[in-house]
Amino acid sequence: MRTLTHAEFMEMRRFPALDGLRAFAAVIVVVFHFGGAEWKWLSGWVGVYLFFVLSGFLITTLLLREQDTKGRISLKNFYIRRVFRIMPPYFVIFFFIMAFFYLRGDFFTIRYPETLKYYLPFMNEFLPAGMAGAPNDYFSGSWTLGIEQKFYLVWPALMVVAGVAAARRRVYIALGAMAVLIALIPLTGGWFTAYSMSALYTSSVHYVVLLVGALLAIVMNSKRLYAFVQPLTHPLVAPVSIIAFVVLHVNMETLWHSTGNAVVLLLGYAVLTAALIVSLMNRNPVTWVLSTAPMRFVGDRSYSLYLFQGIAGFMVASMLPRFQVYGTLTAVVVTLVSLLLADIVFRWVEHPAIELGRRIIARRSQKAQAPVNPPHKEVPPVPVNA
1 MRTLTHAEFM
11 EMRRFPALDG
21 LRAFAAVIVV
31 VFHFGGAEWK
41 WLSGWVGVYL
51 FFVLSGFLIT
61 TLLLREQDTK
71 GRISLKNFYI
81 RRVFRIMPPY
91 FVIFFFIMAF
101 FYLRGDFFTI
111 RYPETLKYYL
121 PFMNEFLPAG
131 MAGAPNDYFS
141 GSWTLGIEQK
151 FYLVWPALMV
161 VAGVAAARRR
171 VYIALGAMAV
181 LIALIPLTGG
191 WFTAYSMSAL
201 YTSSVHYVVL
211 LVGALLAIVM
221 NSKRLYAFVQ
231 PLTHPLVAPV
241 SIIAFVVLHV
251 NMETLWHSTG
261 NAVVLLLGYA
271 VLTAALIVSL
281 MNRNPVTWVL
291 STAPMRFVGD
301 RSYSLYLFQG
311 IAGFMVASML
321 PRFQVYGTLT
331 AVVVTLVSLL
341 LADIVFRWVE
351 HPAIELGRRI
361 IARRSQKAQA
371 PVNPPHKEVP
381 PVPVNA
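Okay, so the sequence shown: first residue is 1 according to full-length UniProt numbering, each after it adds one.
Below, the structure is given as structure tokens:
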């Protein structure tokens with residue numbers, strides 16, 4: 001057993017264990033929402049911050065790998081990938097929900113027209129608390145998409161500004177952005193949120209958590225900085241990191257209640273998640289479990305699964321009244337129904353859209369490589385007496 005070298009890490013084109021980690025995050029969020037009081041200890045709401053760290057890490061790794069192989073970061077290609085990855089499933093599921101309630105005759109009763117100005121431009125996190133907490137709102141969980149879209153808009157541009165500079169400069173940019181966002185916390189929800197989810201929604205701490213993942217990517221993709229985290233890739237570290245992660249995760253609810261300070265807890269959670277990600281790079285029993293086909297299946301569909309959970313819960317409760325009472329069985333059924341709907345969207349919308357985005361990028365690359373002017377053809381001279 002040994003640690004993972006930097007060269008071995010750079011050769012990795014996929015991180016299968018992280019697909020399993022996404023599956024875990026998506027499922028615990030659903031269980032938190034529909035499992036009732038018996039599952040509150042799971043602190044499922046924290047799963048979205050696991051998503052944030054993963055997103056920051058994966059997006060930044062993608063950008064850095066592109067710069068290493070092509071010498072530059074193409075913002076156009078990045079935004080094309082994001083548009084075709086995020087928007088098709090998002091809008092298909094959103095309009096499916098709206099059509100569902102319109103056909104039921106509840107469209108105006110549940111105030112969906114009022115939500116359009118928040119959902120359509122991805123300003124989800126600013127949806128008024130009263131509206132987001134309404135019993136019949138089944139898309140409010142998408143508030144995380146508003147956070148991520150803004151991060152995707154700004155962070156890649158900062159990476160382009162950093163250019164081909166040394167990794168140290170990239171670290172300074174990430175740390176500088178973190179410092180600014182931490183300074184904004186008192187103005188965007190406060191340090192002590194007193195167990196108020198509405199206060200937490202608009203906090204700048206979300207972007208700090210995303211940047212923790214981004215900073216990890218910068219460190220791991222730098223040959224010099226990688227040495228600082230390489231010990232965490234030893235196979236014996238993974239079980240320890242997963243235990244530490246689980247212990248903090250399941251106690252987040254209790255700690256928030258006792259301290260009232262979710263912000264500091266989330267920052268600590270983000271750092272521990274980053275350590276967990278590093279430990280999952282090398283082969284070990286934990287990565288084997290997370291990389292199994294069922295975990296990767298759910299992980300690939302975790303985005304649509306997350307978005308479908310609200311309407312899936314309503315549909316299940318409408319057809320089978322016994323599931324109007326939240327509990328373990330309700331959580332299991334809602335998860336399965338959400339996964340079924342997510343699989344349909346993944347096969348017919350999400351995956352085809354991703355492939356379309358890739359084809360568009362490939363065509364753009366081909367055009368960029370084509371010569372500006374066509375090859376000059378020799379024209380035979382015209383006879384003088386013609």
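Think of the CB as a built atom: it goes at the ideal place given N, C-alpha and C, for glycine as much as any other residue.
Nothing here was measured: the structure is a model prediction, and the numbers come from that model.
- Taken in chain order, the whole alpha helix (DSSP H) runs of length 4 or more contained in the region 183 to 235 are 197 to 201, 205 to 220, 223 to 229.
- Cβ neighbours of Pro-239 within its own chain (closer than 8 Å, five residues either side excluded): Asn-284, Pro-285, Val-286.
- Each residue's CA atom was taken as its position, placing Phe-95 and Thr-335 some 21 Å apart.
- In this model, Arg-65 and Asn-221 are separated by some 8 Å (Cα to Cα).
- Relative to Phe-32, the option among Gly-47, Leu-280, Ser-74, Pro-89 whose CA is nearest is Gly-47.
- Phe-15 places its beta carbon less than 9 Å from that of Leu-58.
- Here Thr-273 is actually not in contact with Phe-228; their C-beta atoms are around 17 Å apart, not less than 8 Å.
- Rounded to whole angstroms, the separation of the alpha carbons of Leu-153 and Tyr-79 is 8 Å.
- For Asn-251, the secondary structure class from DSSP, reduced to helix, strand or coil, is helix.
- In the DSSP assignment, Val-345 falls within the alpha helix (DSSP H) that extends over 328 to 345.
- Nearest C-alpha to Lys-150 among Ser-241, Gly-56, Val-92, Val-289: Gly-56.
- Between Arg-81 and Gly-299, the beta carbon gap of about 18 Å keeps them out of contact (Cβ cut-off 8 Å).
- Taking a 10 Å sphere around the C-beta of Ser-142, we find 16 or more other C-beta atoms and assign the residue as buried.
- The criterion of a C-beta distance shorter than 9 Å is not satisfied by Leu-210 and Val-278.
- Here Phe-100 is actually not in contact with Gly-310; their C-beta atoms are around 11 Å apart, not less than 8 Å.
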